[in-house]
Amino acid sequence: MITWSNFLSQLFNGLALGALLALIASGLTIIYGTLGVLNLAHGAMFMVGGYAGYAAWQASGSFVVALLAGTLFVGLLGVLMERVIIRHFYQRPGEDQLLVTFGLAICFVELVRLVFSSLSKTVTPPTLLSGITNLGVMFYPTYRLGVVGIVAVALLALYIVLYRTRLGLIVRAGIDDAVMVDSLGINVYRVFMVVFGIGSMAAGFAGIVNAPVVSLTPEVGETILVQTFVVVVIGGVGSFPGAILGGLIAGEIISLTSMVNPGYAYVMLFAAMTLVLLVRPHGLLGTRGRE
Numbered sequence: 001m002i003t004w005s006n007f008l009s010q011l012f013n014g015l016a017l018g019a020l021l022a023l024i025a026s027g028l029t030i031i032y033g034t035l036g037v038l039n040l041a042h043g044a045m046f047m048v049g050g051y052a053g054y055a056a057w058q059a060s061g062s063f064v065v066a067l068l069a070g071t072l073f074v075g076l077l078g079v080l081m082e083r084v085i086i087r088h089f090y091q092r093p094g095e096d097q098l099l100v101t102f103g104l105a106i107c108f109v110e111l112v113r114l115v116f117s118s119l120s121k122t123v124t125p126p127t128l129l130s131g132i133t134n135l136g137v138m139f140y141p142t143y144r145l146g147v148v149g150i151v152a153v154a155l156l157a158l159y160i161v162l163y164r165t166r167l168g169l170i171v172r173a174g175i176d177d178a179v180m181v182d183s184l185g186i187n188v189y190r191v192f193m194v195v196f197g198i199g200s201m202a203a204g205f206a207g208i209v210n211a212p213v214v215s216l217t218p219e220v221g222e223t224i225l226v227q228t229f230v231v232v233v234i235g236g237v238g239s240f241p242g243a244i245l246g247g248l249i250a251g252e253i254i255s256l257t258s259m260v261n262p263g264y265a266y267v268m269l270f271a272a273m274t275l276v277l278l279v280r281p282h283g284l285l286g287t288r289g290r291e
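FYI, UniProt numbering numbers position 24 of the sequence shown as 24, with every residue one higher than the one before it.
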């Protein structure tokens, strides 16, 4: 039976999931919008961030250290990927980019499985965010409320980088016309490297933030990748505000549908994506740009 408290609980669950999806999608849409690379390894990097944070948490016992370690490790991994592999595929057909990033995702999953095994791992929430909170009409896990705040701060930091710095100006210009940016004498390949690193850091950060909510497994990135692509399509490719809006919409659709019938959660999500594509082919906040 659906009660008022259950409904509110699912709304908060959807908000927490939506915020997480928004953060992951923001990294993916920045990479695709600027570099034109559809990174199928993004979900695997989300998973790697969780495991890197888990290793740091095991060694230090500090969740803050785990956050920093997971974020920085995946950021460095993204920079290494871009410099060694991805930059050789900018002028290659899209199919080649899909295949190479898909292959990298498989390699990351199997390497993690080799090091950590296939058994699920858990990370304990920090003491400050452990337990439950009385919201008046219901009791709700404190950490899930904390996730919304943590992700909001991370998204604000991304917003400042994209809209209040010179790097952000170059990135947004590159999304619209990378050739023009190159013509102005800006080293676009260095910008591409930084952008790929920032997008990867967003995925890694989300991976360790999500670890206390859902147990870590080597396959955890596969499901989140599908959801993230739907978020990008709904919000609009290359649109940072669109990634946030799409993430919140997707999170609420999955959560509220699961309250009625969990088996239809993804059906409704893809139905919403189809509806958006029919009405606005470029997404809710997307514009015409790179094909």
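For glycine and all other residues, C-beta sits at the position ideal for the given N, C-alpha and C.
Member of the options whose CA lies at the smallest distance from the CA of residue i
i	options	result
Leu245	Thr223, Leu216, Val276	Val276
Leu248	Ile2, Val84, Ile24, Val123	Ile24
Tyr51	Thr223, Gly251, Ser215	Ser215
Phe102	Gly43, Tyr140, Met259	Gly43
Asp96	Arg190, Val37, Val220	Val37
Ser255	Leu15, Phe240, Ser5, Ile2	Leu15
Gly286	Val232, Val260, Pro262, Ala271	Val232
Val123	Asn261, Gly49, Gln91, Val115	Gly49
Thr217	Gly238, Met47, Phe12	Met47
Gly251	Phe196, Phe229, Glu219	Phe229
Ala186	Glu110, Lys121, Leu111, Ala173	The sequence shown places Ile at residue 186, rather than the Ala named in the question. It is Ala173 whose Cα lies nearest to the Cα of Ile186.
Leu225	Asn6, Gly204, Gly263, Ile86	Gly204
Ser62	Phe240, Leu111, Ala152, Leu129	Leu129
Leu35	Phe7, Pro126, Ser120, Val171	Val171
Tyr143	Glu222, Tyr32, Pro262, Ala211	Ala211
Asn6	Asn39, Trp57, Val260	Val260
Ala152	Trp4, Thr29, Pro241, Leu11	Pro241
Phe116	Ile132, Ala243, Ala55, Gly136	Ala55
Ala243	Gly263, Leu135, His282	His282
Gln227	Val213, Val267, Ile208, Val209	Val267
Gly221	Tyr32, Trp4, Asn39	Asn39
Ser60	Val112, Pro126, Gln91, Leu11	Pro126
Ala69	Pro262, Gly263, Ile208, Val213	Ile208
Leu135	Thr274, Arg280, Trp4	Trp4
Tyr163	Val213, Ile30, Leu11	Ile30
The beta strand (DSSP E) enclosing residue i, as first and last residue numbers
i	result
residue 292	The displayed coordinates of the chain run from 1 to 291. Any statement about residue 292 would go beyond what the structure contains.
Assumed close pair residue i, residue j - CB separation to whole angstroms, cut-off 8 Å
i	j	result
Val148	Ala19	5 Å
Gly53	Ala66	4 Å
Val188	Val181	6 Å
Met138	Ser9	6 Å
Leu155	Val161	Actually they do not touch by this definition, with Cβ atoms about 11 Å apart.
Gly236	Leu158	The pair is not a contact, with the Cβ atoms about 16 Å apart (cut-off 8 Å).
Val79	Phe196	7 Å
Gly27	Ala202	3 Å
Val74	Ser200	5 Å
Ala271	Ile234	That belief does not hold up - the Cβ atoms of Ala271 and Ile234 are roughly 11 Å apart, past 8 Å.
Met45	Leu17	Their Cβ separation, rounded to whole angstroms, is 19 Å, which puts Met45 and Leu17 out of contact at 8 Å.
Leu278	Ile253	Not a contact, Cβ separation roughly 16 Å.
Ile132	Pro141	6 Å
Ile85	Val109	That pair is no contact at about 17 Å.
Leu104	Met81	7 Å
Beta bridge counterpart(s) of residue i as assigned by DSSP
i	result
Pro141	Ile132
Span of the alpha helix (DSSP H) around residue i
i	result
His42	42-60
Glu219	Where Glu219 is concerned, there is no enclosing alpha helix (DSSP H), given that its DSSP letter is neither H nor E.
Pro126	Counting along the chain, Pro126 falls outside any alpha helix (DSSP H), and DSSP gives it neither H nor E.
Ala19	4-35
Val276	265-279
Exercise. Any chance you could list the alpha helix (DSSP H) runs of at least 4 consecutive residues sitting entirely within the region 58-109, in chain order?
Key: 63-84
Quiz prompt | alpha helix (DSSP H) segments (min. 4 residues) lying fully within the region 175-259 | solution = 188-210, 220-235
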